[in-house]
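Written out below as structure tokens is the structure these notes cover.
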Amino acid sequence: MSFFIRYAAKRILLLIPLLLAVSAAVFFLVRLTPSDPIASITAGKRISDETRASLKAQYYLDKPLPQQYIIWLGGIFRGNLGDSYKHRQGVSSLLASRLPTTIQLVLMSAIFAALLSIPAGVFAAVKKDTPFDRVISALMIFCVSSPVFLNGIVLMLIFSLRLKWFPAFGTGRSMVENFYYLALPAFALSLNMVALMGRITRDRMIGELKANYSLALAAKGTPFGRIVVSHCLKNTLIPVITVAGIQIGSMVVGAVLVENVFALGGIGALLIEGIQASDYPVVQSIMMFLVAMFLLLNLIVDVVYVLIDPRIRAAAGGS
Numbered sequence: 001m002s003f004f005i006r007y008a009a010k011r012i013l014l015l016i017p018l019l020l021a022v023s024a025a026v027f028f029l030v031r032l033t034p035s036d037p038i039a040s041i042t043a044g045k046r047i048s049d050e051t052r053a054s055l056k057a058q059y060y061l062d063k064p065l066p067q068q069y070i071i072w073l074g075g076i077f078r079g080n081l082g083d084s085y086k087h088r089q090g091v092s093s094l095l096a097s098r099l100p101t102t103i104q105l106v107l108m109s110a111i112f113a114a115l116l117s118i119p120a121g122v123f124a125a126v127k128k129d130t131p132f133d134r135v136i137s138a139l140m141i142f143c144v145s146s147p148v149f150l151n152g153i154v155l156m157l158i159f160s161l162r163l164k165w166f167p168a169f170g171t172g173r174s175m176v177e178n179f180y181y182l183a184l185p186a187f188a189l190s191l192n193m194v195a196l197m198g199r200i201t202r203d204r205m206i207g208e209l210k211a212n213y214s215l216a217l218a219a220k221g222t223p224f225g226r227i228v229v230s231h232c233l234k235n236t237l238i239p240v241i242t243v244a245g246i247q248i249g250s251m252v253v254g255a256v257l258v259e260n261v262f263a264l265g266g267i268g269a270l271l272i273e274g275i276q277a278s279d280y281p282v283v284q285s286i287m288m289f290l291v292a293m294f295l296l297l298n299l300i301v302d303v304v305y306v307l308i309d310p311r312i313r314a315a316a317g318g319s
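Here the sequence shown stands for residues 1 to 319, where the numbers follow the UniProt record's numbering.
Now the structure itself:
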């Protein structure tokens with residue numbers, strides 16, 4: 001167990017300089033956009049030069065960019081993300097009010113992806129070169145190449161506006177009602193992950209079924225279903241778990257697009273509002289959150305990968 005603690009600690013330490021580099025890139029790139037944050041603070045009202053100077057001083061906009069970055073970074077370490085120019089409240093409280101919708105959307109998408117991709121991939125491998133396999137493979141190729149926002153628009157047109165099975169916009173008034181409102185957006189967000197994981201599951205399962213241990217088990221009279229479920233599936237899932245972690249990180253980013261298609265009001269909508277209003281603290285904080293979540297999920301996957309695969313553990317120096 002001490003090996004895993006050392007391994008995780010080493011990976012976490014490697015993330016620190018990466019996050020610092022990303023924070024600098026985010027901060028300075030946001031400020032390269034042609035915008036006037038004072039107009040956002042004043043809601044576009046005319047103000048005197050004295051008031052403008054006072055507002056710049058209040059939000060540290062009168063200081064050089066490197067000094068502004070140090071002030072912002074220091075606030076992050078203290079747990080203070082600053083105040084929103086547009087909403088006139090702390091960014092932390094804004095994120096706390098919007099995050100539940102985004103988290104629920106991503107979790108539902110991940111569950112849909114797991115429930116659909118793994119069985120589809122396994123059955124396609126078992127039925128290799130049959131019409132079922134060809135249809136599943138064609139659908140996977142189509143879904144993996146389809147942009148997530150286009151998935152959302154097409155599904156909304158069919159299931160919301162045409163068939164009226166699901167609401168087209170907004171969220172529910174309770175968490176339970178939210179499951180109904182988020183079902184279609186979550187499915188749209190999951191399609192790319194379903195296709196990618198399903199394809200990997202299919203290809204890896206075909207390889208495992210041809211492996212010597214599978215052939216030996218079949219020669220001994222072991223039922224085919226038992227070979228697939230009890231022996232081949234575990235080895236098949238090792239690369240799938242790795243891809244799943246990366247894809248869930250991408251889902252957090254993709255949720256920004258889906259939320260705006262379905263007007264869900266999560267952090268995606270908040271990010272777009274912030275960009276349009278030149279609300280630097282909001283934009284910076286959300287972008288840093290997305291990057292941090294992506295890196296954290298990849299770290300978790302790496303640790304899980306080492307836990308379940310002895311070969312990786314041996315290569316990493318563990319026993």
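Note that beta-carbon positions come from the ideal geometry of N, C-alpha and C, so glycine has one too.
Item, Value
"Between the C-alpha atoms of D49 and P34, what's the straight-line distance to the nearest angstrom?", "20 Å"
"Which residue's Cα is closest to the Cα of G170: S137, Y85, F262 and T222?", "F262"
"Thinking L295 and L15 are a contact (beta carbons under 8 Å), I'd like their distance in whole angstroms, please.", "6 Å"
"Three-state secondary structure (DSSP) at D83?", "strand"
"Taking 7 Å as the limit between beta carbons, can you name the residues of its chain near D302, skipping five residues before and five after?", "R11"
"List the endpoints of the continuous alpha helix (DSSP H) containing Q247.", "L233 to V261"
"What separation, rounded to the nearest whole angstrom, lies between the Cα atoms of P64 and A57?", "12 Å"
"For G75, does the three-state DSSP call read helix, strand or coil?", "helix"
"Using DSSP's beta-bridge definition, name the partner residues of G170.", "Partner(s): none; G170 has no beta bridge."
"On the CB-based measure, 16 or more other CB atoms within 10 Å of its CB, does L278 come out buried or exposed?", "Here residue 278 turns out to be Ser, not Leu, going by the sequence shown. Burial call: buried."
"Tell me, which residues are paired with G90 by DSSP?", "D83"
"Considering Cα atoms alone, identify which of L233, R199, V258 and G198 is closest to Y213.", "L233"
"Taking only the alpha-carbon atoms, compute the straight-line gap between L115 and N192 and give it to the nearest angstrom.", "14 Å"
"Thinking M108 and L182 are a contact (beta carbons under 8 Å), I'd like their distance in whole angstroms, please.", "6 Å"
"Which residues in the same chain have their Cβ closer than 6 Å to the Cβ of Y69, if we skip the five residues on either side of it in sequence?", "F27"
"Have a look at V144, I141 and P185 and flag the residue whose alpha-carbon is nearest the alpha-carbon of I158.", "P185"
"Return the chain-ordered list of same chain residues with a C-beta closer than 8 Å to the C-beta of residue 320, the five sequence neighbours on each side being excluded.", "Lying before the first or after the last residue shown, residue 320 is absent from the chain, which here runs from 1 to 319."
"Which of helix, strand or coil does DSSP assign to L264?", "coil"
"Within the same chain, show all residues whose beta-carbon is closer than 8 Å to that of A113, passing over the 5 residues directly before and after it, in chain order.", "S190, M193, V194, M197, A244 and Q247"
"Can you tell me the Cα-Cα spacing of L201 and V291, whole angstroms?", "According to the sequence provided, residue 201 is Thr. The question's Leu does not apply to it. Approximately 27 Å between the Cα atoms of the pair."
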